[in-house]
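Numbering (this note's numbering), first residue to last: 3 to 345.
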Ligand SMILES: [Zn+2]
Ligand SMILES: [Zn+2]
């Protein structure tokens, strides 16, 4: 009697497993974006739910290394950098970092082992972002994707149009400071870069909490134009100016230093809605660094994987979409993924 099971191929990507510390690559002996300190980590990007202090050896892009050193100091680990597109052999695995288009330094991790290719995309988006190279689709056997905005209701407008709304408001209210809440890593610098692209060349004022990472972007070669310290600035100098601050500072005592502030927040779809409702945000700007529903599904179609594994976010709808399109899909229960830092 034949035993069909004995002839089946091993499960795709069986050499990648989920441990208590996150995604683990057995033949390479490393974790990807571990939730707790590990001996050997490969890091997709610098947001706090992916890059953490206390690891032993770390592999990342030079830009992510700079971000980790800035945030964690000597707790950043022994970081080895790998340029986009370069390959490195670790144990029985070939590792390559490919642009993810999410924030400065963000990478997809392309792993090859035993004739299989697995792509761990980390966080990503497909929209243009002047602060980092665009996402590169890599055909693969297993595609591991986020699903922060993994519901058909999430469709982000063009970021350029949202920046246009901010510029229009500056024309309508030339006496009011326009206080925009932005996350310190990624969103802040993207908003500045988009304003510059739209031709806005006045100095942009920054809350102290945004200055270090913004200076890091400039040092890494991202042009952001003239920036000024909002805390040290004269109140009158900020009339009709753009002032960026962390979202928490928008409705705090800090904002009282500004001339008649008009409050805005730049964030992904849900956060903007929530914040606008909870607080008096007059100008919600939907500017997301995550793929929306159309970008998620278009990306899966493009990389045409045999299997999709969905990490953090709203896994169910995306798993269903993939399954109905003939792609095996499942949700990975990874711990420690928050959305606090970068949506
Ligand atoms: Zn994330
Ligand atoms: Zn992120």
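Ideal Cβ positions, reconstructed from N, Cα and C, are used throughout, including at glycine. This structure is a prediction, so every number in the text was calculated from the model and none was measured.
* **Any heavy atom of ligand 1 nearer than 5 Å to the CB - residues listed** => The set of residues with CB atoms less than 5 Å from any heavy atom of ligand 1 reads, in chain order, 51, 125.
* Grab me the residues of residue 148's own chain with a C-beta within less than 6 Å of its C-beta, minus the 5 sequence neighbours each way, in chain order. => Looking up residue 148 in the chain shown gives position 146. Within the same chain, residue 148 has close Cβ partners 125, 313, 314, 315.
* To do: Could you give the DSSP three-state label for residue 32: helix, strand or coil?
  => Here residue 32 corresponds to residue number 30 of the chain shown, with the count starting at 1. Of the three classes helix, strand and coil, the one that applies to residue 32 here is strand, per DSSP.
* To do: Classify residue 229 as helix, strand or coil using the three-state DSSP reduction.
  => Here residue 229 refers to the residue found at position 227 of the chain shown. In the three-state DSSP reduction, residue 229 falls in the strand class (E or B).
* Where do the ends of the alpha helix (DSSP H) carrying residue 166 lie? -> Locating residue 166 in the chain shown gives position 164, counting from the first residue. Residues 161-174.
* Asked: Looking at the unbroken beta strand (DSSP E) that takes in residue 311, where does it start and where does it end?
  -> As a position in the chain shown, residue 311 is number 309, starting the count at 1. 309-315 is the span of the beta strand (DSSP E), which, as asked, contains residue 311.
* Helix, strand or coil: which one does DSSP assign to residue 257? -> Position 255 of the chain shown, counted from the start, is the residue given in the question as residue 257. Reduced to three states, the DSSP call for residue 257 is helix.
* With 16 other CB atoms within 10 Å as the buried threshold, where does residue 180 fall? -> Locating residue 180 in the chain shown gives position 178, where the first residue counts as 1. So residue 180 ends up on the buried side.
* Asked: CB residue 226 to CB residue 191, shorter than 8 Å?
  -> Residue mapping note: residue 226 aligns to position 224 of the chain shown, counting from 1. Residue mapping note: residue 191 aligns to position 189 of the chain shown, counting from 1. Annotated as proximal: residue 226 and residue 191, with beta-carbon spacing under 8 Å.
* Just to confirm, does residue 314 get its C-beta within under 7 Å of one of the non-hydrogen atoms of ligand 2? -> The residue you call residue 314 lines up with position 312 of the chain shown. Answer for residue 314: no, Cβ out of range of ligand 2.
* Asked: Are the beta-carbon atoms belonging to residue 297 and residue 98 less than 8 Å from one another?
  -> Locating residue 297 in the chain shown gives position 295, where the first residue counts as 1. Locating residue 98 in the chain shown gives position 96, where the first residue counts as 1. Inclusion of residue 297 and residue 98 in the CB contact set at 8 Å is not warranted, their separation being larger than that value.
* **Classification of residue 328 by the beta-carbon crowding that lies within 10 angstroms, buried from 16 upward** => The residue you call residue 328 lines up with position 326 of the chain shown. Answer is exposed; the Cβ neighbour count stays below 16.
* To do: Starting from residue 74, trace the beta strand (DSSP E) both ways and give me its first and last residue.
  => Locating residue 74 in the chain shown gives position 72, where the first residue counts as 1. Where residue 74 is concerned, there is no enclosing beta strand (DSSP E), although the alpha helix (DSSP H) it sits in stretches over 64-74.
* **Spatial distance of residue 215 from residue 49 (CA atoms)** => Numbered from 1 along the chain shown, position 213 holds the residue referred to as residue 215. Numbered from 1 along the chain shown, position 47 holds the residue referred to as residue 49. Answer to the nearest angstrom: the Cα atoms are 12 Å apart.
* Alpha carbon to alpha carbon, how far is residue 23 from residue 144? -> The residue you call residue 23 lines up with position 21 of the chain shown. The residue you call residue 144 lines up with position 142 of the chain shown. So the alpha carbons of these two residues sit roughly 20 Å apart.
* Asked: Are residue 151 and residue 17 closer than 8 Å when you measure CB to CB?
  -> Looking up residue 151 in the chain shown gives position 149. Looking up residue 17 in the chain shown gives position 15. No; because the gap between Cβ atoms is not below 8 Å, this pair is not in contact.
* Is residue 26 near ligand 2, judged by its Cβ being under 7 Å from some heavy atom? -> Taking the chain shown and counting its residues from 1, one reaches residue 26 at position 24. No - ligand 2 has no heavy atom lying nearer than 7 Å to the Cβ of residue 26.
* Under the three-state DSSP convention, the category residue 114 falls into -> Taking the chain shown and counting its residues from 1, the one referred to as residue 114 is at position 112. Strand at residue 114.
* Asked: Is any heavy atom in ligand 2 found nearer than 7 Å to the beta carbon of residue 158?
  -> Residue numbering aside, residue 158 sits at position 156 when the chain shown is read from its first letter. Not so, every heavy atom of ligand 2 lies at least 7 Å from the Cβ.
* Which partner residues of residue 301 appear in the DSSP bridge assignment? -> Counting from one through the chain shown, the residue named residue 301 turns up at place 299. Residue 301 pairs with nothing; no bridge assigned.
* For the alpha helix (DSSP H) holding residue 199, just list the boundary residues, first then last. => Your numbering for residue 199 matches position 197 in the chain shown. Element bounds for residue 199: 189-199.
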